[in-house]
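Chains as they are written, first to last, in this note's numbering: chain A, 6 to 421; chain B, -12 to 81. Below is one structure; the comments refer to it alone.
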Ligand SMILES: Cc1cc2nc3c(=O)[nH]c(=O)nc-3n(C[C@H](O)[C@H](O)[C@H](O)COP(=O)(O)OP(=O)(O)OC[C@H]3O[C@@H](n4cnc5c(N)ncnc54)[C@H](O)[C@@H]3O)c2cc1C
């Protein structure tokens, strides 16, 4: 069923009785050409592009819980393409371009809202670094503007410009950045994939792989064994656990990131704003809640909840740049388990086991990558060669000395 | 989380920084190790769901390194040792 304004009108006039389920609930077949493990944003977008762009006909997505139960339904929904390094920036800019056409492409309202993202500058060296980053962004075809204090005041007069410790000196502003309704992204990709014949199988946990003589020919699941010519792992925070069953250790640790939402307020925050001297970022949802977050907790964990010291740290960051939020009451907070890689950058690669592919290491920034990650993974799976914007995301890059370390922190995942 | 420091007693985990898997104590000899050994030591981690042994540094305290045994599903801490004792027991001289 194609969604349109006319459809809403006619359905509204006929008691909304004609809506059908958005995707089927099929039983797994005995064999597929490609199995994607993980029904998060990246797994679903991979399946969607496999079917739509690469004409793959026999594809299944296996999800251990329900669609959207992982990080795709837990993130703070920020999209941007403001990276510095060669291996990253063209990929994230491609992703932002895909976001811009996504809703028309998959005929679903994902509430893509390019309300802009502003990273505040608090010192001279930081300005130098951000100007350099802005130039790198523009070289990749993205947009970046350096704002002075007056330029910021026009957009966000409520900031604490003359804070004693962290006065605001300027900002880098990406007008095309913004936010997207996260669950709608999962649902839209799921619907688009399903309508092109992809079997989306929920409550189906992959428990192992069928690997013989270095060739992967299928998976073991809670619903029985399923054969496949190619198996594509895409399980974000569970990457190490799933790859362990294939006998592989990956350069990833699992860490928790927390997110917070306040009660609904009148529109106050114009776009996404980030603090440059600590770690705090905030936007306002269409319902009015302030959505914000900060650093990861900093220790390995699979518990989808964080601890209080980070709550305090995030709130201090918020108070340091916008004291007005001190009176907003917090409604909800939660955590998601993230696949933090050794250099803070992701992997989209084949493994040394034939037929087994890996997508992961997205850290706290994989939501914005959802369209490009799926597109590039589908490209690799279907054509056998990496997409031109994703050639750097190799699993062996540490061995080659080709880290993509945006923050320059070295092999310590909790610092990226 | 509260870390029961062997010398200082119970301390808030916020006083510490985490350095990850305690396997990093077993650093291969850089003069003799193969490329693979060095790569695996520096970049690969087990990352299990369940019990881990990891290094914590008491940055806001006595600056000692600890080996903490902790469960990554429940955050329960079951043992805390001085990293130097662990390292010596494993044959490291310093
Ligand atoms: C609090 C928080 C805030 C964030 N904010 C942002 C942000 O503002 N911007 C941004 O770009 N990114 C953000 N991120 C990061 C982003 O959400 C993730 O990088 C991204 O969602 C990961 O990809 P995914 O959607 O495929 O993951 P997930 O949705 O986690 O998908 C993985 C799926 O695999 C399934 N799975 C696991 N094991 C198995 C198995 N054995 N068998 C079958 N299925 C399995 C899981 O159930 C899960 O559904 C944030 C993350 C968190 C936690």
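Yeah, the Cβ is synthetic: ideal placement off N, Cα and C, and Gly gets one too. Computed from a predicted structure; not experimentally measured.
Closer than 6 Å: residue i CB and nearest ligand 1 heavy atom
i, result
"residue 102(A)", "no"
"residue 40(B)", "no"
"residue 77(A)", "yes"
"residue 251(A)", "no"
"residue 107(A)", "no"
"residue 240(A)", "yes"
"residue 369(A)", "yes"
"residue 411(A)", "no"
"residue 66(A)", "no"
"residue 373(A)", "yes"
"residue 341(A)", "yes"
"residue 60(A)", "no"
"residue 211(A)", "yes"
"residue 185(A)", "no"
"residue 247(A)", "yes"
"residue 156(B)", "In the structure as shown, chain B starts at -12 and stops at 81, and residue 156(B) therefore has no counterpart that could be examined."
"residue 227(A)", "no"
"residue 421(A)", "no"
"residue 80(A)", "yes"
"residue 46(A)", "yes"
"residue 346(A)", "no"
"residue 69(A)", "yes"
"residue 55(A)", "no"
"residue 295(A)", "no"
"residue 43(A)", "yes"
"residue 83(A)", "yes"
"residue 74(A)", "yes"
"residue 36(B)", "no"
"residue 262(A)", "yes"
"residue 243(A)", "yes"
Residue environment, residue i, which counts as buried when at least 16 other CB atoms sit within 10 Å
i, result
"residue 155(A)", "exposed"
"residue 386(A)", "buried"
"residue 394(A)", "buried"
"residue 24(A)", "exposed"
"residue 109(A)", "exposed"
"residue 114(A)", "exposed"
"residue -11(B)", "exposed"
"residue 130(A)", "exposed"
"residue 244(A)", "buried"
"residue 218(A)", "exposed"
"residue 30(A)", "exposed"
"residue 66(B)", "exposed"
Option in the options with minimal Cα separation from residue i
i, options, result
"residue 61(A)", "14(A), 51(A), 421(A)", "51(A)"
"residue 31(B)", "401(A), 421(A), 410(A)", "401(A)"
"residue 252(A)", "212(A), 284(A), 7(A)", "212(A)"
"residue 176(A)", "151(A), 293(A), 146(A), 139(A)", "151(A)"
"residue 198(A)", "414(A), 46(A), 390(A)", "46(A)"
"residue 409(A)", "158(A), 92(A), 249(A), 182(A)", "92(A)"
"residue 296(A)", "22(A), 338(A), 372(A)", "338(A)"
"residue 203(A)", "343(A), 310(A), 65(A)", "65(A)"
"residue 348(A)", "258(A), 284(A), 77(A), 326(A)", "258(A)"
"residue 336(A)", "80(A), 17(A), 353(A), 270(A)", "270(A)"
"residue 229(A)", "235(A), 17(A), 210(A), 246(A)", "210(A)"
"residue 350(A)", "63(A), 242(A), 191(A), 370(A)", "370(A)"
"residue 359(A)", "223(A), 105(A), 70(A), 53(A)", "223(A)"
"residue 55(B)", "63(B), 48(B), 18(B)", "63(B)"
"residue 33(A)", "17(A), 134(A), 342(A), 67(A)", "67(A)"
"residue 137(A)", "88(A), 122(A), 125(A)", "88(A)"
Cβ separation of residue i and residue j, assumed to be a contact under 8 Å, to the nearest whole Å
i, j, result
"residue 196(A)", "residue 27(A)", "5 Å"
"residue 186(A)", "residue 116(A)", "4 Å"
"residue 4(B)", "residue 46(B)", "5 Å"
"residue 147(A)", "residue 98(A)", "5 Å"
"residue 281(A)", "residue 127(A)", "5 Å"
"residue 44(A)", "residue 231(A)", "Not a contact, Cβ separation roughly 15 Å."
"residue 86(A)", "residue 101(A)", "4 Å"
"residue 233(A)", "residue 382(A)", "Actually they are not in contact, since the Cβ atoms of residue 233(A) and residue 382(A) sit about 15 Å apart, beyond 8 Å."
"residue 15(B)", "residue 25(B)", "6 Å"
Subject >> Residue ranges of each alpha helix (DSSP H) within the segment -11 to 66 of chain B, 4 or longer >> reply: Complete alpha helix (DSSP H) runs here, min 4: 22 to 30.
Quick check on the DSSP output: what are the complete beta strand (DSSP E) runs of length 3 or more inside the segment 120 to 169 of chain A, in order along the chain? Listed in chain order, the complete beta strand (DSSP E) runs (minimum 3 residues) inside the segment 120 to 169 of chain A are 122 to 126, 150 to 152.
Item to check | Runs of alpha helix (DSSP H) wholly within the segment 226 to 304 of chain A (minimum 4 residues, chain order) | outcome: The qualifying runs are 244 to 249.
Which residue spans inside the segment 338 to 386 of chain A form an unbroken beta strand (DSSP E) run of at least 3? Runs found: 352 to 355, 361 to 365.
- Which full runs of the beta strand (DSSP E) of 3+ residues lie inside the segment 7 to 44 of chain A, going along the chain? If we require 3 residues or more, the beta strand (DSSP E) runs fully inside the segment 7 to 44 of chain A come out as 36 to 42.
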